[in-house]
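To keep things clear, I will list the structure first and then write my remarks on it.
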Amino acid sequence: MDELLNEFLTETNESLATLDTELVRFERDSSDTRILGNIFRLMHTIKGTCGFLGLPRLESVAHAGENVLGKFRDGDLPVTPDAVTLILRCIDHIRLLLVELGAAGREPEGDDGPLIGELNAMASGEPVAVPPADAAAAHAIAAPIFEEDGFPVAAELLAEVAEALGPQVAAQPVSPQRSQPQPAAELPRQVAEAARDNNAKEPDQAASSIRVNVDVIENLMTLISEIVLTRNQLMQIQRNLKSDAFKVPLQRLSHITSELQDGVTRMRMQPIGNAWAKLPRIVRDLCVESGKKIDLVQRGADTELDRQVLEMIKDPLTHMVRNSADHGVEDPVTRRDAGKPETGTILLEACHEGGHIFIRIADDGRGLDADRIRQKALANGLATEAEIAAMSEKQVLQFIFQPGFSTAEKVTSVSGRGVGMDVVRTNIERIGGAIEMDSRPGEGTTFLIKIPLTLAIVSALILEAGGERFALPQINVVELVRAGSRSGARIETIRDAAVLRLRERLLPLVSLRTVLELGPDEVDRDRFVLVMEVGAFKFGIIVDRVFDAEEIVVKPVAPILRGNPFYAGNTILGDGSVIMILDPGGLSALAGQAHSNNDGLQVAGSVAGRDESEASLLLFRAGGPELKAVMLDAILRIEEIDAGAIEQVGGRHVVQYRQKLMPLMMVNGDQRLVETGRQPLLVFCDNGQPLGLVVDEVVDIVQNHISLELAPRQDGLLGSAIVAGKATDLVDIRHYIEYGRDNWIRDEERPRLAAGGRHG
Amino acid sequence: MADRTCLVVDDSAPIRRVVSGMFLDLGYAVAEAPTGKDALDYCRAGQPDIVMLDWNMPVMDGIGCLTALRSMPLPRQPVVVMCTTESQIARIQQALSAGADEYIIKPFGRDVLVDKLEQLGMA
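Here the protein sequences line up with chains A and B, keeping their order.
Taking our numbering, I'd label the letters of the first sequence as residues 16 to 775.
Taking our numbering, I'd label the letters of the second sequence as residues 5 to 127.
Structure (structure tokens):
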């Protein structure tokens with residue numbers, strides 16, 4: 016019986032979800048008899064099933080709901096928002112009863128009288144559009160069913176028939192004559208026929224699909240994973256074997272395994288529309304409550320993704336659509352005044368692209384209000400006034416992703432349920448996804464979410480550090496750099512912070528050996544740097560060796576290691592050994608500035624990165640004992656050149672650098688070039704023209720909140736700040752670049768500096 | 005006597021299971037179908053003796069299924085019992101005209117079912 020109850024709960028919950036969606040559709044187009052036919056049938060089935068299972072409470076609620084729907088169908092009751100709201104409440108009530116039924120295994124005690132009373136009142140209410148004669152007829156039908164004491168629900172009938180009255184009676188009361196010919200009876204028949212005709216045209220889906228328990232598929236997936244592992248093992252053996260005897264069957268096995276894996280992965284796929292099913296209802300309720308008019312447009316609802324991923328994004332998506340409806344779209348009056356159509360639009364769009372799913376949530380509402388966000392951030396202590404003043408508009412908007420942030424002045428019953436955009440972002444990043452936002456005042460806000468298709472089997476690089484092997488999900492790996500004496504790339508270690516000079520950038524590094532305490536770094540041998548991209552943040556991981564890319568099966572991390580942020584799980588390799596899967600997210604946090612904006616998105620960011628709230632700073636000394644700092648972002652490279660290579664041209668210092676003449680600049684007049692040995696330089700770039708800033712000593716790289724404490728005392732300084740507990744002059748690179756340009760570069764056609772930046 | 009076969013047609017899985025249970029107790033072999041379309045497919049191949057046919061179903065409803073079934077060139081037409089609810093009494097006539105042998109009102113218990121089957125000579 017328990018299994019039967021489970022089946023009932025699953026089926027009925029699905030029906031209720033469909034009912035929600037269909038009702039909202041129906042409310043919009045109440046002339047669509049096909050939708051109404053479907054709605055009626057679903058409610059009817061729920062009622063019928065409850066009857067069979069002996070669930071009188073559920074049955075009577077469903078029965079009352081069905082009757083109102085019947086009145087809709089028969090044209091006896093106009094389809095008003097109130098009426099639809101009442102039906103939706105009825106559905107909610109059924110859902111509530113189902114939850115209690117599921118928990119307790121039997122129907123809870125309670126009284127559904129008030130709701131049933133309302134439904135019945137609605138059903139027997141004076142029909143608006145029907146002529147008096149028909150109205151009387153409608154009453155005649157309704158009266159015996161509803162206005163007598165109690166409800167002749169089927170369960171009671173069953174009890175009577177089965178226990179007391181015997182066979183004859185069971186047959187008698189339902190003889191055809193009792194269904195007296197009613198004037199209204201013609202209409203339902205027509206509707207029913209129309210509905211049937213439409214039904215016949217529906218694509219035949221039921222016949223070609225079956226329902227399978229999720230556990231069965233999960234189990235299958237585990238087994239497939241084992242086959243994948245065994246195949247990998249066999250391939251390894253074959254590789255070491257002198258003979259080719261197994262080659263052909265192995266290839267075949269490999270092929271079949273891949274197809275199996277594809278097949279089962281596809282089996283786990285569900286259309287993203289499943290996660291959207293509740294949204295029309297949520298938006299509809301919000302519209303009714305707030306008097307807004309909103310169209311929810313769904314595109315690509317059949318885009319499929321792994322159900323595990325689907326579960327993870329369900330809540331974030333719901334929250335974001337709710338946000339758009341609640342905070343984004345304005346009320347009709349405001350919209351009309353702004354010259355926009357009264358009905359706002361929220362677009363939900365999903366598509367596949369290269370192993371990822373892209374989801375776009377766009378509204379045409381008021382856009383984010385940067386001023387209000389500033390105030391809010393200030394009020395909530397998320398940043399100081401100075402920090403906020405230094406931020407670009409785009410960075411200010413990013414505050415909505417901070418914990419505990421909400422711009423809604425009043426919390427409506429629809430939004431403000433405790434989760435914010437910070438939770439949304441955390442959830443999305445947890446499954447290896449990323450979220451971006453774009454907002455224009457008066458035009459609306461767009462969120463773009465990128466998530467992986469599946470989490471179960473991932474392509475990973477197998478690598479080694481300190482004699483241990485690890486797997487690293489390939490999705491985050493941008494490139495692989497060999498760093499050592501024989502290659503161009505070199506790992507610089509400045510105090511404890513390691514950076515890689517890679518083309519135009521300095522890349523923060525973490526060493527796997529150090530992080531996982533696998534022993535000291537072997538600085539003098541060739542190492543590899545895996546350049547990673549997590550969200551918008553790029554960093555490098557130093558490893559000893561890199562083997563191969565392999566399809567690995569992700570097994571959950573053991574409980575004892577769950578607190579460790581560096582591991583995402585473990586897997587079994589082809590040779591049978593168990594290795595850990597590294598979590599790029601955890602490592603990126605360690606590499607610092609997990610969420611800084613050092614990517615190319617910062618259009619407005621100046622060369623000096625003036626408006627970074629938190630940034631990596633390079634500390635150095637030049638022309639004096641006091642510390643100076645410069646944004647790490649602004650530096651192309653740290654170079655050391657031979658003192659002898661510095662030449663003088665027209666009284667100024669230059670050095671040959673990458674087939675170009677690079678001007679050298681002093682930080683101030685007190686500074687001297689070294690006379691022998693090596694001269695450290697910071698290399699900047701102005702539209703492809705390298706410029707060298709002479710420094711005495713590079714001290715450290717630190718992660719710091721920049722808050723200028725003192726105004727600049729001289730040209731070339733942004734001001735002074737406390738960095739790592741010491742007063743530090745913040746050097747304005749822009750000044751030196753402009754100085755260099757004025758003195759060295761005569762090309763007046765050169766584009767403005769702001770557009771130049773880090774390009775080379 | 006060889007086992008009789010019953011085909012239970014209903015879009016609700018719990019109902020199918022309950023009804024199937026009753027028929028199994030009565031010594032029937034039982035098949036189930038969630039839609040009228042599936043029911044027709046089964047009848048074409050499976051030769052059931054009796055069909056318990058629900059009215060409200062997606063894809064193809066009970067009356068559509070019944071009409072199509074009766075026009076199928078089968079060696080032996082099954083007995084069809086139309087399952088309806090009290091609110092559909094008006095349609096029973098329609099079902100009988102379309103070729104149903106009996107009707108039964110949902111929900112029904114084992115006793116009512118046995119009575120119906122006795123009337124049909126199929127208990």
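All residues carry an ideal CB built from backbone N, CA and C; glycine is no exception.
Helix, strand or coil: which one does DSSP assign to Gln694/A?
-> In the first sequence, residue 694/A corresponds to position 679, counting from 1. Of the three classes helix, strand and coil, the one that applies to Gln694/A here is strand, per DSSP.
Does the beta-carbon of Thr95/A have 16 or more other beta-carbons within 10 angstroms, so that it is buried, or is it exposed?
-> The sequence position of residue 95/A within the first sequence is 80, counting from 1. Exposed, since its Cβ has fewer than 16 Cβ neighbours within 10 Å.
Buried or exposed: which applies to Thr691/A, given that a residue is buried once 16 or more other Cβ atoms fall within 10 Å of its Cβ?
-> Taking the first residue of the first sequence as 1, we reach residue 691/A at position 676. Exposed.
Anticipated Cβ contact below 8 Å, Leu393/A with Gln417/A, distance rounded | Counting from 1 along the first sequence, the entry for residue 393/A is found at position 378. Counting from 1 along the first sequence, the entry for residue 417/A is found at position 402. The C-beta distance from Leu393/A to Gln417/A rounds to 12 Å, too long to fall under 8 Å, and the pair is not in contact.
Residues of the stretch 476–501 of chain A with Cβ closer than 9 Å to any Cβ of chain B, in chain order = For the stretch 476–501 of chain A, there are no residues whose beta carbon sits under 9 Å from a beta carbon of chain B.
Examine chain A for any beta-carbon lying closer than 8 Å to the beta-carbon of Gln81/B, and answer yes or no.
-> Translated into the one-based positions of the second sequence, residue 81/B becomes position 77. No, Gln81/B does not count as interfacial toward chain A.
If the cut is a Cβ gap below 9 Å, which residues of chain B does Thr60/A touch?
-> For this step, residue 60/A is matched to residue 45 along the first sequence. Residues of chain B passing the Cβ test: Asp14, Asp15, Ser16, Ile19, Asp58, Asn60 and Met61.
Contiguous beta strand (DSSP E) assignments of at least 3 residues, all confined to the stretch 276–307 of chain A | Runs of the beta strand (DSSP E) spanning 3 or more residues and lying entirely within the stretch 276–307 of chain A occur at 284–286, in chain order.
DSSP state of Arg505/A, grouped into three classes?
-> Walking along the first sequence from the start, residue 505/A turns up at place 490. Arg505/A: coil per DSSP, three-state reduction.
Exposed or buried, what is Thr743/A when buried is set at 16 or more other beta-carbons lying within 10 Å of its beta-carbon?
-> Working through the first sequence from its first residue, we reach residue 743/A at position 728. Note on Thr743/A: 16 or more other CB atoms within 10 angstroms of its CB, so buried under the neighbour-count rule.
As assigned by DSSP and simplified to three states, the class of Leu676/A = The residue given as residue 676/A occupies position 661 in the first sequence. Looking at Leu676/A - three-state DSSP - the assignment turns out to be strand.
Check the Cβ of Thr71/B against every Cβ in chain A and list those closer than 8 Å, keeping chain order.
-> Along the second sequence, read from residue 1 onward, the residue named residue 71/B stands at position 67. Chain A residues near Thr71/B: none, gap ~10 Å exceeds 8 Å.
Throw me the rounded Cβ distance for the Ile716/A and Leu633/A pair, which I believe falls under 8 Å.
-> Reading the first sequence from its first residue, position 701 is the one you call residue 716/A. Reading the first sequence from its first residue, position 618 is the one you call residue 633/A. For a cut-off of 8 Å, the C-beta gap from Ile716/A to Leu633/A is around 5 Å, short enough to register as a contact.
Inter-stretch contact (C-beta, 8 Å, three-pair minimum) for the stretch 27–41 of chain B and the stretch 83–90 of chain A | Contact between the stretch 27–41 of chain B and the stretch 83–90 of chain A is absent, because fewer than three Cβ pairs lie under 8 Å.
Closer than 7 Å by C-beta to Arg577/A: which residues in its own chain qualify, once you throw out the five before and the five after it? Chain order, please.
-> The residue labelled residue 577/A in the question sits at position 562 within the first sequence. Once the five neighbours on either side are set aside, Arg577/A has no close Cβ partner at all.
Check each candidate in Asp97/A, Ala353/A and Pro123/A and name the one with the smallest Cα separation from Ile109/A.
-> Here residue 109/A corresponds to residue number 94 of the first sequence, with the count starting at 1. Among Asp97/A, Ala353/A and Pro123/A, the Cα nearest to that of Ile109/A is on Pro123/A.
Is the stretch 667–678 of chain A in contact with the stretch 696–706 of chain A, if contact means three or more CB pairs nearer than 8 Å?
-> At 8 Å Cβ cutoff, the stretches touch.
Coarse secondary structure for Ser339/A, derived from DSSP in three states | By one-based count along the first sequence, residue 339/A stands at place 324. Helix, per DSSP.
Give the range of the beta strand (DSSP E) segment to which Met595/A is assigned.
-> Here residue 595/A refers to the residue found at position 580 of the first sequence. Val593 to Leu597 is the span of the beta strand (DSSP E), which, as asked, contains Met595/A.
For Ser621/A, three-class secondary structure by DSSP | Indexing the first sequence from 1 puts residue 621/A at position 606. At Ser621/A the pLDDT is 30, less than 50, meaning the model places this residue with poor confidence; the figure from the coordinates comes in the next sentence. When DSSP states are grouped into helix, strand and coil, Ser621/A belongs to the coil group.
With DSSP collapsed to three states, give me the class of Gln81/B.
-> By 1-based counting over the second sequence, the position of residue 81/B is 77. Of the three classes helix, strand and coil, the one that applies to Gln81/B here is coil, per DSSP.
Cβ separation of Glu483/A and Leu533/A, assumed to be a contact under 8 Å, to the nearest whole Å = As a working mapping, residue 483/A is identified with position 468 in the first sequence. As a working mapping, residue 533/A is identified with position 518 in the first sequence. That belief holds up - the Cβ atoms of Glu483/A and Leu533/A are roughly 6 Å apart, short of 8 Å.
Taking the alpha-carbon positions, what's the Asp330/A to Asp730/A distance?
-> Your numbering for residue 330/A matches position 315 in the first sequence. Your numbering for residue 730/A matches position 715 in the first sequence. Each residue's alpha carbon lies about 52 Å from the other.
Within 10 angstroms of its Cβ, does Gln671/A collect 16 or more other Cβ (buried), or is it exposed?
-> Mapped onto the first sequence, residue 671/A falls at position 656. Its Cβ having fewer than 16 others within 10 Å, Gln671/A is exposed.
Based on the DSSP secondary-structure assignment, which residues constitute the bridge partners of Arg652/A?
-> Stepping through the first sequence from its first residue, residue 652/A is reached at position 637. In the DSSP assignment, Arg652/A forms a beta bridge with Val698/A.
When Gly343/A, Glu357/A and Ile328/A are compared against Ile450/A, the one with the closest alpha-carbon = As a working note, residue 450/A is residue 435 in the first sequence. Residue Ile328/A is the option with its Cα nearest to Ile450/A.
Residue range of the unbroken beta strand (DSSP E) whose run includes Tyr582/A | Locating residue 582/A in the first sequence gives position 567, counting from the first residue. Run containing Tyr582/A: Tyr582 to Ile587, per the beta strand (DSSP E) assignment.
Contact set between the stretch 106–120 of chain A and chain B, restricted to residues whose Cβ is under 9 Å from the partner | Residues: none.
From the DSSP output, which residues share a beta bridge with Met86/B?
-> Here residue 86/B is taken as the residue at index 82 of the second sequence, counted from 1. Leu57/B and Tyr107/B, per the DSSP bridge assignment.
Under a Cβ-count criterion, where at least 16 other Cβ atoms within 10 Å of its own Cβ denotes burial, should Phe562/A be classed as buried or exposed?
-> Within the first sequence, residue 562/A is the residue found at index 547, counting from 1. Residue environment analysis places Phe562/A among the exposed positions, since fewer than 16 neighbouring C-beta atoms fall within 10 angstroms of its C-beta.
Tell me whether Ala398/A sits in a helix, a strand or coil according to DSSP, three-state version.
-> For the purposes of this step, residue 398/A is taken as residue 383 along the first sequence, with counting starting at 1. If DSSP states are grouped into helix, strand and coil, Ala398/A belongs with coil.
If contact means a Cβ-Cβ distance below 7 Å, which residues of the stretch 102–116 of chain B contact chain A?
-> Contact annotation: in the stretch 102–116 of chain B, residues whose CB is within less than 7 Å of a CB in chain A are Ile109, Lys110, Pro111, Phe112, Gly113, Asp115 and Val116.
What does Thr9/B touch in chain A if you count any residue whose Cβ is under 8 Å from its own?
-> Here residue 9/B is taken as the residue at index 5 of the second sequence, counted from 1. Per Cβ cutoff of 8 Å: no residues; Thr9/B is ~20 Å from chain A at best.
Nearest CA to the CA of Asp346/A: which residue from Asp384/A, Ile309/A, Ile653/A and Val114/A?
-> Your numbering for residue 346/A matches position 331 in the first sequence. Of the listed residues, the one whose Cα sits closest to Asp346/A is Ile309/A.
Going along chain A, which residues have a C-beta under 8 Å from Val22/B?
-> For this step, residue 22/B is matched to residue 18 along the second sequence. Near Val22/B (Cβ distances below 8 Å), the residues of chain A are Leu19, Phe67 and Leu68.
Ordered along the chain, which non-local residues of its own chain (more than five positions away) have a Cβ less than 8 Å from that of Gly694/A?
-> On the first sequence, position 679 is the one that residue 694/A refers to. First, the residue type needs correcting, since residue 694/A is Gln and not Gly in the sequence shown. Apart from sequence neighbours up to five positions away, the residues of its chain that approach Gln694/A with a beta-carbon distance below 8 Å are Glu655, Ile656, Asp657, Ala658, Ile661, Leu688 and Val709, ordered along the chain.
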